[in-house]
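Colleague: Below you will find the structure I want to go over with you.
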Amino acid sequence: MSTSFDPSDPMDLLQANLHYVQIPEPTNRVYKHECCISFDTPKSKGGLFVDMNSFLAFGEDYVGWNYEKTGSPVYLHIKEIQKPVIEDTLSKKPMLLAIGVEGGPDNSDPEYELIYKIVILPGYAKLPCPSTELPIKVSLAVEAVIMNVGAERNEQVATWAADTKLKGKQAMDLEQLDDETLVPTSVRDASVLDPVVAKDLLHFGTDFSSFQKTEITTAEKELYQNTDFDWNHNQESGQEVEPLAGPGYTGLVNLGNSCYLAATMQVVFSTRDFRSRYYSNQSLDVAFDNALVDPTVDLNMQLTKLAHGLLSGKYSSPATKKQEGIPPGMFKSLIAAKHPEFSTTRQQDALEFFLHFLDQVEQSNTRNPKFDPSRSFKFGIEERLKCPSGKVSYNKRDDYILSLDIPQNKATNKKELEEFREFKAEKDAKGEEVSSDEIVHPRVPLMDCLDCFSAPVELHDFFSTALNAKTTAIKTAGLTSFPDYLVLHMRKFVVEEGGVPKKLDVCVDVPDIIDINHMRSRGLQPGEELLPGPQPGEELLPDPSASDEGLNANEDFVLQLASKGFPYFLCKKAVLYTFNTGVEAAMNWLLDHMYDPDIDAPIVKEQMLAPVVDKSKLRTLLDIGIDELVARKALQESGGDVEKAAEWVYDPYVTTNMDTTSTPSSSTTAVTETRPLPDGEGRYRLKGLVSHIGTSIHCGHYVAHVYKDGRWVIFDDDKVGASKNPPIDMAYLYFLERIES
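Throughout, our numbering is defined as the position within the sequence shown, counted from one, plus 200.
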């Protein structure tokens, strides 16, 4: 005798939807700590809902969207409830200045109790969990999810694992070999530890136990003083900073040396175009509806999530005593997935990350270039070369940043510097230290740095096609357009003799209004005559590919590579074999293939597709019935992502307008050719800055300062506050906003 289905009975609903429930395999990524659309967690008011089919997690306000999009109805609801704090613990006063010991201050985090329930949508019917009454399949699936560490933490552990130092396999039985023995060196992509280093050193007569720290050197003393000055000045130490909260005042949790990312993204999302693209004009539901099956690997979705997290104020309440911030873990994992350095927990250069980030944003907006916010930073640079014959050549390229040298000989406080040197010499003679407050740094006007960029530079061994000989040319540079936001990179990190890196201890004086209209370059002028024949960087050698038709390399990319000393033909070959995707891609191809036996062979059109298409990924697309030419182009357009390539192929607009007979080319290149760069008056004011604290790019700390709502605000990871004395003169990156007339 069968029982009838009761839609009001949660168990009947579960049985009816049992086919949706999957038991996670070891290869499945299980999200259980953070919503993939927002920054909700199990500690949030509504808890977290884990889809028992896809194992993606959703906050209370967003789980309904997933049900509407996928039809998946069964979820494991996870809620963390803080356990009550015992009154004795609150009233207990610390007796020792020692954390984590008896009598010291209580530094432990509050304890939470985990509560699980099975929830069936759309009616949110609930079943207790765990329970012996649940179907065995559900119980096994729930147990697997609970026992899983979670994809969020697995990804973070993977980044830390990259920095783990292993014990050397041969460390325990190293022996002294005869001097005549030749031992080949072996390169490892990891650091190793010698657990018996003291014993090994003793073999050579060095007693490790007798080592002791002696007096610090003068160089060390200056290093400590300057570092102390950096910390105090950039982080405004010693001053009471008013905490800020609300929309636009949300900090970012440091994931482990991720301050370079946090500082950069705070300034980026203070710009009009990024706010508009990923917040004002894009809701979370629309982004999710248009996202890939797995929204955690969709850059548009994750940028929208980050923007709403930073700008909505949802995670930054003034009533909250502690500024907790939001963890940009999913965003970092995605943006750094294909980068060997950003995917680790090592400290990175904020400039390199900024350029990598903009490149990813540009690629993700290739189908809708008019909505690409990275273009607000892009501008044109034009270099003019003039040889003794009087003839000229022009080379144009696009860039996102303007790198500036800092001419310390232009310091405006030379008298104070000389007095400080004398003062310091007297202190050193007396054996006294100079405090960080007494240090005097060179002060160089920003306009002098900008003038250095445009100043004439001599290029020796320049081959003039007019003179048919090597000579000295004069190079000048200017901007062909002025972007909405101009980013200035101050070259504070230099390499001294012997290859030793050094950070310049110099301050830059930035005026309230920065006018660079005089830096505009207007191309070939009346009366000027271009150099004949090949342009700078070409070699007067026969081009093996000259007879090939239809091979059009981006000349700007070719010339930029050639200017680095590579033969012109090889530069052209590298640009063609990477489908005009950019100088970096061509450079990587060139370095990878420089020693190939056929590197000097003529360019063959049929071979151009092979080097950049993964055969296994191509086979996956061929197996689902996609034409080979279309599949190759799809992989090129999607950066090698099979899922994105398939979506690209089945996009009606793409398949209707795609020319499969042509050689695949970069979407961004096509956009550059058809759409003019943003341009306007060259008058700017300071919008934000990223400062570096420390002596090297690969160590130290980054903080951001942003001018918003009529005041300066400091963003130091998860801490946000009103800035009284922003370190404008100490910045590493300046973000200038164009003044609209």
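Where a beta carbon is used, it is the ideal one built from N, C-alpha and C, also for glycine.
Over the uninterrupted alpha helix (DSSP H) stretch that includes Thr671, give me the two end residues.
Modeller: Element bounds for Thr671: not the alpha helix (DSSP H) but the beta strand (DSSP E), Ala669 to Leu679.
Colleague: For Tyr267, which option in Leu452, Gly246 and Asp485 has the closest C-alpha, if you only look at C-alpha atoms?
Modeller: Among Leu452, Gly246 and Asp485, the Cα nearest to that of Tyr267 belongs to Asp485.
Colleague: Using the three-state DSSP reduction, which class does Phe205 fall into: helix, strand or coil?
Modeller: Correct three-state label for Phe205: coil.
Colleague: Would you call Gln466 buried or exposed, if buried means 16 or more other Cβ atoms sit within 10 Å of its Cβ?
Modeller: Buried, because 16 or more other Cβ atoms sit within 10 Å of the Cβ of Gln466.
Colleague: Between the C-alpha atoms of Pro447 and Val263, what's the straight-line distance to the nearest angstrom?
Modeller: Their Cα atoms are separated by approximately 24 Å.
Colleague: For Ala462, name the three-state secondary structure that DSSP assigns.
Modeller: Helix.
Colleague: Can you tell me whether Lys630 is buried or exposed? The criterion is at least 16 other CB atoms within 10 Å of its CB, across all chains shown.
Modeller: Its Cβ having fewer than 16 others within 10 Å, Lys630 is exposed.
Colleague: When we look at the beta-carbon of Thr665 and count the other beta-carbons within 10 Å, is it buried (16 or more) or exposed?
Modeller: With 16 or more other Cβ atoms within 10 Å, it is buried.
Colleague: Please name the residue or residues paired with Cys899 in a DSSP beta bridge.
Modeller: Its beta-bridge partners do not exist; DSSP assigns none.
Colleague: On the criterion of 16 or more Cβ atoms from any shown chain inside 10 Å, does Gly750 qualify as buried, or is it exposed?
Modeller: Low confidence applies here, because Gly750 scores a pLDDT of 47, under 50, leaving its location unreliable; read the following figure in that light. Gly750 should be labelled exposed.
Colleague: For a quick check, are the C-beta atoms of Asp648 and Pro607 less than 8 Å apart?
Modeller: Yes.
Colleague: Can you look up Ile336 in the DSSP assignment and give me helix, strand or coil?
Modeller: It is helical.
Colleague: Closest to Gln523 by CA distance: which of Leu248, Val453, Thr778 and Ala341 is it?
Modeller: It is Val453.
Colleague: Within its chain, find whatever has a CB closer than 7 Å to the CB of Ser862; leave out the 5 residues flanking it on each side and keep chain order.
Modeller: Residue confidence is low: Ser862 scores 38 on pLDDT, short of 50, so the model does not pin down where it sits. Its coordinate-derived value is still stated next. Taken in chain order, the list of residues that qualify is empty.
Colleague: Kindly indicate the opening and closing residues of the alpha helix (DSSP H) around Met690.
Modeller: Segment Tyr685 to Met690 is the beta strand (DSSP E) holding Met690; no alpha helix (DSSP H) there.
Colleague: Kindly examine the ligand MN and report whether one of its heavy atoms sits closer than 7 Å to the Cβ of Asp661.
Modeller: In terms of ligand content, the structure shown is empty, and the ligand MN therefore cannot be addressed.
Colleague: Cβ of Leu659 within 8 Å of Cβ of Val708?
Modeller: No. Outside cutoff.
Colleague: Any beta-carbon of chain C closer than 8 Å to the one on Glu583?
Modeller: This model lacks chain C altogether; it includes just one protein chain.
Colleague: Within the continuous beta strand (DSSP E) that includes Lys317, where are the two ends?
Modeller: Run containing Lys317: Tyr312 to Ile320, per the beta strand (DSSP E) assignment.
Colleague: What's the call for Leu604, buried or exposed, on a 16-neighbour Cβ count within 10 Å?
Modeller: Per the 10 Å Cβ criterion, buried.
Colleague: Apart from the five residues on each side of it in sequence, which residues of its chain come closer than 7 Å, Cβ to Cβ, to Ala487?
Modeller: Correct list, in chain order: Asn500, Met501 and Thr504.
Colleague: Alpha carbon to alpha carbon, how far is Leu933 from Asp494?
Modeller: Approximately 35 Å between the Cα atoms of the pair.
Colleague: Would you mind working out which of Val319, Arg229 and Phe553 sits nearest Ala351, comparing C-alpha positions?
Modeller: When only C-alpha atoms are compared, the closest one is Arg229.
Colleague: Look at Leu551 and His689 and say whether their C-beta atoms are less than 8 Å apart.
Modeller: In contact: Leu551 and His689 (Cβ atoms closer than 8 Å).
Colleague: Measure the C-alpha to C-alpha separation of Pro207 and Thr464 and round it to an integer number of angstroms.
Modeller: Cα to Cα, Pro207 sits roughly 52 Å from Thr464.
Colleague: If distances are taken between C-alpha atoms only, which option among Pro322, Lys317 and Pro284 comes closest to Cys329?
Modeller: The shortest Cα separation from Cys329 among Pro322, Lys317 and Pro284 belongs to Lys317.
Colleague: Closest to Val349 by C-alpha separation, out of Lys245, Ile237, His277 and Pro224, would be which residue?
Modeller: If we check each option's Cα against that of Val349, Pro224 comes out closest.
Colleague: Would you identify the three-state DSSP class for Arg477, choosing helix, strand or coil?
Modeller: Correct three-state label for Arg477: helix.
Colleague: Which residues in the same chain as Asn613 place their Cβ atom closer than 8 Å to its Cβ, once the five residues preceding and following it in sequence are excluded?
Modeller: Within the same chain, Asn613 has close Cβ partners Val640, Pro642 and Arg643.
Colleague: Would you identify the three-state DSSP class for Pro701, choosing helix, strand or coil?
Modeller: DSSP places Pro701 in strand when its eight states are reduced to three.
Colleague: Over what stretch of residues does the alpha helix (DSSP H) that includes Cys771 continue unbroken?
Modeller: Taken as a continuous stretch (DSSP letters only), the alpha helix (DSSP H) holding Cys771 covers Tyr768 to Tyr777.
Colleague: Could you pull the DSSP bridge partners for Ala257 from this structure?
Modeller: Answer is Val250, bridged to Ala257.
Colleague: Along the chain, where does the beta strand (DSSP E) containing Asn175 start, and where does it finish?
Modeller: What is shown of the chain runs 201 to 941, which leaves residue 175 out entirely.
Colleague: For Ser941, I'd like the list of residues in its chain whose CB is within less than 6 Å of its CB, leaving aside the five on either flank, ordered along the chain.
Modeller: So the qualifying residues of the chain are Glu881.
Colleague: Which same chain residues, not among the five before or five after Asp599, have their C-beta less than 6 Å away from its C-beta?
Modeller: Result list for Asp599: Ile581, in chain order.
Colleague: By how many angstroms is the C-alpha of Ala785 removed from the C-alpha of Lys591?
Modeller: Cα to Cα, the separation comes out at about 32 Å.
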